[in-house]
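K.L.:
Structure incoming, see below.
In this note's numbering, the protein residues as written are 13 to 85.
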């Protein structure tokens with residue numbers, strides 16, 4: 013099961029993926045755990061956390077996909 017966080021930024025100084033800090037990662041992981049437990053899937057399926065970054069630069073859209081961007085500790 014792949015959980016994907018999609019982040020967008022219109023700044024040239026920071027990209028969308030850079031906003032997925034440790035605190036945000038922990039919240040995503042906890043939400044994923046809650047979902048998996050509610051479906052009786054926790055510990056029964058492989059899990060991956062990806063980030064898709066949408067960056068707007070000079071009216072052009074740049075997409076970046078980071079597989080296994082972070083994992084449960």
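The C-beta atom is built at its ideal place from N, Cα and C for all residues, glycine as well.
In terms of residues, what are the limits of the alpha helix (DSSP H) holding residue 42?
P.N.:
Here the alpha helix (DSSP H) through residue 42 covers 34 to 50.
K.L.:
Taking the straight line between their C-alpha atoms, what separation do you get for residue 75 and residue 14?
P.N.:
One C-alpha to the other measures close to 18 angstroms.
K.L.:
Mapping DSSP to helix, strand and coil, what is residue 55?
P.N.:
In this structure, residue 55 counts as coil in the three-state DSSP scheme.
K.L.:
Kindly indicate which residue of 42, 73, 49 and 32 has the alpha-carbon position closest to the one of residue 24.
P.N.:
Closest by alpha carbon: 73.
K.L.:
How would you write the range of the beta strand (DSSP E) that residue 21 sits in, first residue to last?
P.N.:
Note, residue 21: beta strand (DSSP E), 14 to 21.
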